[in-house]
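*Asks:*
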Amino acid sequence: MPSRRVYSCLHILVEKILRVQPDANKLYLLVRGTDASSAQQRVQKEVIDSELFGLLREKHGADRFQQFIQDKVVALSGDIIHENLGLEAPMLKDLAEEIDVIVNIAATTNFYGRYDVSLDVNVMGVKHLCHFAKQCPRLKMLMQVSTAYVCGDREGLILEKPIEPGESLREGTYLDVDAELRLVREAKKELMMMNSSSDGDARKTAERKAMKELGLQRARHFGWSNTYVFTKAMGEMLLGQLRGDMPVVVMRPSIITSVRADPLPGWMQGTRTIDTLIIGYAKQNLSCFLGDLSVVVDVVPGDMVANAMMAAMVEHSEEKGAAAVPVYHATSSLRNPATYSVLYEAGRRHFYENPRVGKNGEIVPTREMCFFTTIARFHLYMLLTFKLPLEILHLVNLLLCGLFSRLYNDLNRKYKFVMHLVDVYGVGIFGPSPCKSK
């Protein structure tokens with residue numbers, strides 16, 4: 001199971017397989033590391049040592065649990081952005097002989113990520129994994145974990161069908177993966193020539209900014225809301241072109257949230273997509289946002305996604321030569337819809353009952369948020385309430401030789417934080433629910 005970053009979905013799936021399918025021979029986890037030892041340490045620290053594995057520890061006992069893990073879980077130091085997955089040829093050959101199921105969970109999920117990096121991981125990673133899968137004589141299944149938001153911001157019933165070559169969400173455009181890869185290479189060459197006289201840090205900063213802006217620009221040109229879902233769509237497209245007669249399944253979860261039932265209700269690893277908004281509200285950096293609270297939010301518990309993945313593996317195992325790639329939407333909006341007002345009220349209630357404590361021990365008061373359903377109203381509010389006062393403060397600060405620099409920088413940072421969240425998240429998350437499965 002390749003994983004460029006260690007995601008909660010990986011934790012839940014690994015734990016589930018080890019708990020309900022203990023006879024599974026080996027689980028190979030491809031993670032980034034300098035060598036096998038560092039990869040093993042990373043898997044141990046970030047996956048196995050998490051509290052999610054508590055039931056397994058109780059079942060086997062502390063000593064036998066660690067031995068059980070050593071017998072079952074093998075960490076591989078590699079990266080799917082490289083051909084041969086960054087593995088040495090002998091290791092790759094031995095691995096190909098052993099593997100019978102491949103699950104690709106690897107992704108860069110940054111909505112505003114660098115276009116070149118997103119293409120490397122979400123698109124070229126799929127290509128490299130397909131090439132490896134074709135070397136596995138015992139292969140029964142290749143599962144690609146994508147996202148329901150590759151369907152875009154359309155409303156109504158969205159069928160579970162693969163993305164065809166050239167397909168885009170904007171009428172009159174043709175999406176060519178090879179052309180996008182060439183575009184990035186040419187853009188990076190131009191940037192290198194333009195910034196040849198700049199120092200190393202300045203060049204890196206300029207390239208990072210340009211690649212982020214290019215990703216959003218290309219995504220929106222073809223009708224997707226951000227770089228992440230755009231490149232995941234291209235990954236699916238490439239998979240369909242390269243699969244041949246391999247048994248392939250695409251799983252498209254919506255916004256993955258915490259564990260609902262087992263093994264540990266409420267568990268979640270790290271900060272995920274929608275958590276950025278919750279944390280912003282908790283820190284009181286978000287006093288307003290662009291969004292319609294009556295819109296349905298499509299969230300799905302992580303353990304339900306893992307269950308769906310395992311069921312799909314069994315259903316389509318060794319299903320070679322299928323006419324079309326089977327696609328599953330692991331979503332909730334059709335059968336168990338919840339609106340953003342439910343999410344907001346739950347967060348507000350939690351922070352009223354459990355207020356944050358500041359660095360000096362003072363209680364951070366929880367305030368109400370303002371929501372605007374149109375971009376025009378939101379921008380007018382931000383202009384009058386924040387931008388104009390900021391400009392006045394900036395002018396006063398210059399006249400007083402930087403007396404209010406710290407205050408201005410802090411308020412300007414918070415203003416930019418809100419505007420960035422709205423630009424990246426507001427269009428995609430606070431739009432229509434991504435898909436309603438057939």
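If you number the sequence shown the way full-length UniProt numbering does, the last residue is 438 and the count never jumps.
For glycine and all other residues, C-beta sits at the position ideal for the given N, C-alpha and C.
Starting from the Cα of residue 293, find the closest Cα among 101, 315, 338 and 269 and give me that residue.
*Replies:* The shortest C-alpha separation from residue 293 is found at 338.
*Asks:* Quick check on DSSP: helix, strand or coil for residue 130?
*Replies:* It is helical.
*Asks:* Can you give me the C-alpha to C-alpha distance between residue 218 and residue 192, rounded to a whole angstrom?
*Replies:* Cα to Cα, residue 218 sits roughly 20 Å from residue 192.
*Asks:* Can you list, in chain order, the residues of its chain whose CB lies under 7 Å from that of residue 403, leaving out five sequence neighbours each side?
*Replies:* So the qualifying residues of the chain are 397.
*Asks:* Would you kindly work out how many angstroms separate the C-alpha atoms of residue 417 and residue 354, rounded to a whole number?
*Replies:* Rounded to whole angstroms, residue 417 to residue 354 spans 24 Å at the Cα level.
*Asks:* Is the distance from the Cβ of residue 419 to the Cβ of residue 369 below 9 Å?
*Replies:* Against a cut-off of 9 Å, the Cβ pair of residue 369 and residue 419 comes out as no contact.
*Asks:* Count the C-beta pairs between the stretch 134-143 and the stretch 315-327 that are closer than 8 Å, then say yes if the count reaches three, no if not.
*Replies:* The stretch 134-143 is in contact with the stretch 315-327.
*Asks:* Alpha carbons only, please: which of 132, 53, 202 and 60 is nearest the one belonging to residue 30?
*Replies:* Closest option to residue 30, Cα to Cα, is 132.
*Asks:* Assign residue 330 to one of three DSSP states: helix, strand, or coil.
*Replies:* The answer is strand: DSSP assigns residue 330 an E or B state.
*Asks:* Rounded to a whole number of angstroms, what is the C-alpha to C-alpha distance between residue 305 and residue 34?
*Replies:* Near 31 Å, if we compare the C-alpha coordinates of residue 34 and residue 305.
*Asks:* Could you tell me whether the stretch 90-103 touches the stretch 183-198, where touching means 3 or more Cβ pairs closer than 8 Å?
*Replies:* The stretch 90-103 vs the stretch 183-198: no contact.
*Asks:* What did DSSP end up calling residue 103 once you bin it into helix, strand or coil?
*Replies:* If DSSP states are grouped into helix, strand and coil, residue 103 belongs with the strands.
*Asks:* Please report the straight-line C-alpha distance between residue 48 and residue 64, rounded to a whole angstrom.
*Replies:* Using only the alpha carbons, I get a separation of about 14 Å.
*Asks:* Who are the near neighbours of residue 181 in its chain, counting only those whose CB is closer than 7 Å to its CB and skipping five residues on each side?
*Replies:* Result list for residue 181: 119, in chain order.
*Asks:* Evaluate the contact criterion for the stretch 258-267 versus the stretch 167-186: three or more CB pairs, one atom per stretch, below 8 Å.
*Replies:* Segments in contact, no.
*Asks:* Whole angstroms are fine: how far does the CA of residue 391 sit from the CA of residue 399?
*Replies:* If I take the Cα positions, the gap works out to 13 Å.
*Asks:* Please identify the residue among 168, 45, 209 and 62 whose C-alpha is closest to the C-alpha of residue 229.
*Replies:* Of the candidates 168, 45, 209 and 62, the one whose C-alpha sits nearest the C-alpha of residue 229 is 168.
*Asks:* Among the residues of its own chain, which have a CB less than 8 Å from the CB of residue 211, if the five just before and after it don't count?
*Replies:* Closer than 8 Å at Cβ, skipping near neighbours: 114, 115, 116, 117, 184, 187 and 188.
*Asks:* Could you tell me which residues DSSP puts in a beta bridge with residue 77?
*Replies:* Looking at the DSSP assignment, residue 77 forms a beta bridge with 31.
*Asks:* I need the DSSP call for residue 375, collapsed to helix, strand or coil.
*Replies:* It is helical.
*Asks:* If we ignore side chains and look at the alpha-carbon of each, how far apart do residue 233 and residue 327 end up?
*Replies:* Between residue 233 and residue 327, the C-alpha separation is close to 13 Å.
*Asks:* What span of residues does the beta strand (DSSP E) with residue 257 cover, start to end?
*Replies:* Note, residue 257: beta strand (DSSP E), 255-257.
*Asks:* According to DSSP, simplified to helix, strand and coil, what is residue 68?
*Replies:* Three-state result, residue 68: helix.
*Asks:* Compare the C-alpha of residue 267 against each of 16, 51, 23 and 38 and name the closest.
*Replies:* Of the candidates 16, 51, 23 and 38, the one whose C-alpha sits nearest the C-alpha of residue 267 is 51.
*Asks:* Run through DSSP, which three-state label would residue 348 get?
*Replies:* Residue state, collapsed to three classes: helix.
*Asks:* According to DSSP, is residue 325 helix, strand or coil?
*Replies:* Residue 325 falls in the coil class under three-state DSSP.
*Asks:* Which of the three DSSP states, helix, strand or coil, is assigned to residue 12?
*Replies:* It is helical.
*Asks:* Where does residue 295 fall in DSSP's three states?
*Replies:* It is coil, neither helix nor strand.
*Asks:* May I ask you to report which of helix, strand or coil DSSP gives residue 401?
*Replies:* Of the three classes helix, strand and coil, the one that applies to residue 401 here is coil, per DSSP.
*Asks:* Indicate whether residue 250 and residue 322 have their beta-carbon atoms separated by less than 9 Å.
*Replies:* No, Cβ-Cβ distance for residue 250 and residue 322 is not below 9 Å.
*Asks:* Kindly list the residues whose CB is nearer than 7 Å to the CB of residue 303, restricted to its own chain and excluding five residues on each side of it in sequence; keep chain order.
*Replies:* Contacts found: 12, 259, 260, 261 and 262.
*Asks:* Between which two residues does the beta strand (DSSP E) containing residue 175 stretch?
*Replies:* Element bounds for residue 175: n/a, residue is neither H nor E.
*Asks:* Does the count of Cβ pairs from the stretch 99-112 and the stretch 65-77 closer than 8 Å reach three?
*Replies:* Counting Cβ pairs under 8 Å, fewer than three are found: no touch.
*Asks:* Would you mind listing the beta strand (DSSP E) stretches within the stretch 208-261 that are 3+ residues and don't spill past its ends, in chain order?
*Replies:* The qualifying runs are 248-253 and 255-257.
*Asks:* Pull up the DSSP beta-bridge partners for residue 339, would you.
*Replies:* DSSP lists 296 as partners of residue 339.
*Asks:* Are the beta-carbon atoms belonging to residue 278 and residue 223 less than 9 Å from one another?
*Replies:* In this structure, residue 223 does not lie closer than 9 Å to residue 278 by Cβ.
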